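Q: Just dropping this structure here.
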Amino acid sequence: MLRKTFLLLVSALLAASLPVCAGAGEAAGPTGLLAPLSRGEVLSLPAVDGKVPRPDAFLGYPLGARFTSWDRILQYVDAVAAASPRVQVSEYGRTAEGRPLRLVTLATPENLARLDEIRRDHLRLADPAGLSERERTRLIQKLPAIVWLAYGVHGNESSSAEAALATLYLLAAGQGEAEELLRNTIVLIDPLVNPDGRERYVNAFRQRIGSAANPNRAAAEHQEPWPGGRPNHYLIDLNRDWAWVSQPETRQRIALYRSWEPHVYVDFHEMSSESSYFFPPAADPVHPRIDRKVVGWLDTFGRGNAEAFDRQGWVYFKGENYDLFYPGYGDSYPGLRGAVGMTYEMAGGGRGGLALRLSDGSLLTLADRVARHLTTSLATLRTAARNAQKLREDFAATRLRAGAPGRVYLWSADQQESRALADLLAFHGVQVRQLSQAEEVPAHRLTGGEEAPRRFAAGTFAVSTAQPLGNLVNALLELDAPMQDAFLERQRQRLEANLEPQFYDITAWSLPLAYNVDTWVATQEPKGLRPVAEPASGLSREGRLGWLVPPQGIASYRLAAELRRRGVSQRLALNAFTAPAGSYPAGTVFIPRLGNPADLEEQLQGLLVEGGLAAEGVASSWEIEGISLGSNNMPSVRPVRIGLLGGEGVDSTSFGFLWSLLDRQTGIPHDRLDVSALRQIDLAEYDVLVLPSGGYDDRIGDRARTALDAWVKGGGVLVAVGDAITWLKDHEMSAVKGWEPPKGEEAEGADDPESPDSSVERELATRPIFTPGAVLATQMQPLHPLTAGLATAPPVLYEGTAVWKPFGDPQKDVLVALDENPVLAGFAWPEAEERLAGALLVGLEPRGAGALVLFAQDPAYRLFWRATAPIFLNAVLYGPSMGVGGRMH
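Below, the structure is given as structure tokens:
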């Protein structure tokens, strides 16, 4: 009866259109803009121009009454732009599913008419070192502040896009204050950053809802099916991708961001439904490379938001939970570019739906969530407009200070991912140069050591911090970023009290480590620097027999996959060898002329140039020393059939990393398989199966598990990542062993058992300890087939509690952590580092005629950790050709 009464009440409320109050003496604001709020609150909104279509009139319902689909959002945006002289709409890209990405620009008609001029002048101010002080002052005084409001980077944080429409309408149609705001600001609105994810969420919600909203948390409409709407099409978290640019949405957005360089960037989110509302100041830790002027502004904007919330009687929190440390967020990344980057979080998330009953009995409705995001949107613009000149002054000062001389990062161009690292930095707008000739420069290795003169070859890449993006350069390239002592002290107290840690994300990400590129740091700039030259690519030397393609990073696997797709046969070197052109490592691919298409040379030349790769011709097999082109140590590459398992129970982010690596980054053919249908699949059709991290106990029954084990023993290669290893071990499909707490005398701890410290130490010794994303130095088996192509042992990004013991067999222990002091960068508790010393990170476990390939961590984490990706790609693309398993070479 209670539920029925409530549903009738909700239906009545959503159908109603309560008047929106205005202050005494003011014109009435728009009625029906939002559906009624659950506690009867009303918003004071400006009078509006009736020529601009109201959302409720255009859509047929007030905002917050239901979810608006992306196509209707686009239609409404276009309708407003057609009716208002303050609005301009542009398309800046497309999602993976082909949906358009739009930017809405709002300004006075006068500023809109000279928008390109304003943008160009602002970009001049973004490079203040190139301006005279007089010109800098002139631009600071005349330009408007540029504020970018971005809604819905996480698709299931669904109120954001509705709030974007409300904000757009009030700025386009509002009179009085809205006009004044636009005189001092140019507002950029991205109404939906992640359309693919939100449409996935909205469609699932519509399929599960009944005739009215059900507030019961257990109701189906509050349970998202796998993989949920948070990520994009490839199941990548776009709010972790800013620095790494692995996704098309990110790439297109950053190109647009660079064309504006806003003063303020706000990312609108949602969090757990039982929370309230968060806005800055941010929690500790704050990245030390974010300028103190930027950090100071967080308090100013926070106070403006607080004033608006206090007026409504709404509660909120600040300075807790949401830090500003990891550089790939939509707040920290703009901050490292000199903007005031902020995250606003509203309660709701994927469980929010249209209405949700909270634990205290109150209701949280979509309209409630929209109202709060609308309120902070307008409050942010008020703060920016009031402080426009000071924002411009501090932006210019931050970019100027970031460009002060400091250090130069140097890495040789002959390393496999050197070019990819340089290209990524250049895409961010970082100035990358090369040495025009060999030069001796005092430098020390990024990972440590004393500074000493070192000779760097011509072509060495050089990135100086003496540029407007110097803070971003340091944040992405330096080994480590220190966290505030007070924060670490609190975390130690929580660790000892067995409380949840407050590390919000990983604590290490240095790109030279991620790309496994040996990098040096100098404090003086080399003398002879030139712009980056195009790489030497294509075919060289006569290829009477064929061509040799040495390992050149992930791009080499893309070439191999494309050649296979075109039916071009290849052979893979399992050992190093020499040819007239030089030395070639294991992992080199030989492409014979005989038996391949007649136009092979033309095809190969085109693919090599497109991928920035080089190949050397071979005129005679007699010239090869070490192994021969026809040797068993250079076997033919077999076509492989690969299955990647996903579905309920599988970690969608782990799946997304691997899916995007295979599908987008390398183009390796594979089938997406649903784990729940495993028992119905003819496994004999596959050579390689990949289990991403996840919990498989409830998803793979006894029958499917038995079939899977038989398939492995019959010659299949099963690649298991993260928690999938635990599942294999628990079901006796793997003999790998995990860390176990000490027993007996070993567990006695310190000398004085009565000491409180001793008690804490003994207790810590018995339980898992979380490591928040630290980088481990490793040692690898250099002659192992799975490490073919790797010149040095790759660092591993380690996150979590699971620690696996090595097998003690060099053919099984492919990659292990260093035996002493393995933590290379980032944070780990001493107790955790002790356990990680010598831990198994990649293992190969023969099983019958097949094999298990075990990855303790995601080998392509967030698609920026390229260091370990070649081991995974060797396993899936070349594993059967290498004889991985009982027939291993």
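Using my numbering, the first residue of the sequence shown is number 6, and each one after it goes up by one.
The beta carbon of each residue, even a glycine, is placed where N, CA and C say it ideally should be.
Please read these numbers as outputs of a predicted model, since none were measured by experiment.
1. Cβ atoms of Leu193 and Trp153: under 7 angstroms apart, would you say?
2. Candidates Ser280, Arg669, Met887 and Tyr327: which alpha carbon is nearest Ala303's?
3. What residues in its chain sit with their C-beta under 7 angstroms from that of Leu84, if we drop five residues either side in the sequence?
4. What residue does the alpha helix (DSSP H) around Tyr562 start on, and which one ends it?
5. Using a threshold of 7 angstroms, state whether the C-beta atoms of Val821 and Leu802 are closer than that.
6. Using 8 angstroms for Cβ pairs, my map puts Leu516 next to Leu493. What's the rounded Cβ distance?
7. Buried or exposed for Gly318, please, with buried defined as at least 16 other CB atoms from any protein chain shown within 10 angstroms of its CB.
8. Report the rounded CA-to-CA distance for Glu167 versus Val655, giving the unit in angstroms.
9. Please state the DSSP three-state secondary structure of Pro777.
10. To the nearest angstrom, how far is the alpha carbon of Thr806 from that of Pro746?
11. Helix, strand or coil for Val655 per DSSP?
12. Of all the options Glu483, Gly778, Arg576 and Ala171, which has the alpha carbon lying nearest to the alpha carbon of His378?
13. Are at least three pairs of beta-carbons, each pair with one atom in the segment 362-370 and one in the segment 262-274, less than 8 angstroms apart?
14. Less than 7 angstroms between the C-beta atoms of Thr776 and Ala833, yes or no?
15. Could you check what DSSP says for Arg535 in three-state terms: helix, strand or coil?
16. May I have the straight-line CA-CA distance separating Glu102 from Ser545, to the nearest angstrom?
17. Mark Gly202 as exposed unless 16 or more other C-beta atoms lie within 10 angstroms of its C-beta, in which case mark it buried.
18. Check whether the segment 241-249 touches the segment 334-352, taking contact to mean three or more Cβ pairs, one atom from each stretch, closer than 8 angstroms.
19. Short check: CB of Ala344 to CB of His268, under 7 angstroms?
20. Taking a contact to mean a Cβ-Cβ separation below 7 angstroms, would you say Gly848 touches Lys817 in this structure?
21. Mind checking who Gln93 pairs with in its DSSP beta bridge?
22. Strictly by DSSP, which residues pair up with Pro458?
23. Going by the CB atoms, is the gap between Gly611 and Ala560 shorter than 7 angstroms?
24. So, helix, strand or coil for Met887, using DSSP?
25. Let's test the definition: count the other Cβ atoms within 10 Å of the Cβ of Ala29 and tell me whether it reaches 16, buried, or not, exposed.
26. Let me know the secondary structure DSSP gives Pro597 once reduced to three states.
27. Buried or exposed: Ala462, going by 16 or more other Cβ atoms within 10 Å of its Cβ?
28. Grab the span of the alpha helix (DSSP H) containing Pro851 for me, first residue to last.
29. If contacts are defined as beta-carbon pairs under 8 angstroms, then Leu148 and Arg397 qualify, I think. What distance do you get, rounded to the angstrom?
30. Which residues in the same chain as Pro815 place their Cβ atom closer than 7 angstroms to its Cβ, once the five residues preceding and following it in sequence are excluded?
31. Quick one: what's got a C-beta closer than 8 angstroms to Arg902's C-beta in the same chain, skipping five residues either side?
32. Could you check what DSSP says for Val726 in three-state terms: helix, strand or coil?
33. Look at the alpha carbon of Ala740 and the alpha carbon of Gly884, and state the distance between them as a whole number of angstroms.
34. Near Arg495, what residues of its chain come up, given a Cβ to Cβ distance below 8 angstroms and the 5 sequence neighbours on each side ignored?
35. CA-CA distance, Leu386 and Thr190?
36. Identify, in the order they occur along the chain, each residue of the same chain with its Cβ nearer than 7 angstroms to the Cβ of Ser574, setting aside the five sequence neighbours on each side.
A: Answer, in terms of the structure:
1. The beta carbons of Trp153 and Leu193 sit closer together than 7 angstroms.
2. The displayed chain sequence assigns Leu, not Ala, to residue 303. The candidate whose alpha carbon is nearest that of Leu303 is Tyr327.
3. Note on residue identity: the sequence assigns Ala, not Leu, to residue 84. Hits under 7 angstroms: Pro58 and Phe63.
4. Ile559 to Arg570
5. For Val821 and Leu802, no; Cβs fall outside 7 angstroms.
6. Actually they are not in contact, since the Cβ atoms of Leu516 and Leu493 sit about 24 angstroms apart, beyond 8 angstroms.
7. exposed
8. Using only the alpha carbons, I get a separation of about 31 angstroms.
9. strand
10. 13 angstroms
11. strand
12. Nearest C-alpha to His378: Ala171.
13. no
14. yes
15. strand
16. 39 angstroms
17. It counts as buried.
18. yes
19. Yes, they are a contact pair.
20. In contact: Gly848 and Lys817 (Cβ atoms closer than 7 angstroms).
21. According to DSSP, which records beta bridges pairwise, Gln93 is partnered with Thr110.
22. Pro447
23. Their beta carbons are not under 7 angstroms apart, which means Ala560 does not touch Gly611 by this criterion.
24. helix
25. Any reading at Ala29 is ruled out, since the residue's pLDDT is 30, under 50, leaving its predicted position unreliable.
26. strand
27. With fewer than 16 other Cβ atoms inside 10 Å of its own Cβ, Ala462 counts as exposed.
28. Careful: Pro851 lies outside any alpha helix (DSSP H), inside the beta strand (DSSP E) at Leu845 to Arg852.
29. 6 angstroms
30. Once the five neighbours on either side are set aside, the close Cβ partners of Pro815 are Gln786.
31. Here the chain has residues from 6 to 894 only, and residue 902 is not among them.
32. Reduced to three states, the DSSP call for Val726 is strand.
33. 21 angstroms
34. Gln507
35. 8 angstroms
36. Pro597, Gly600, Asn601 and Ser641
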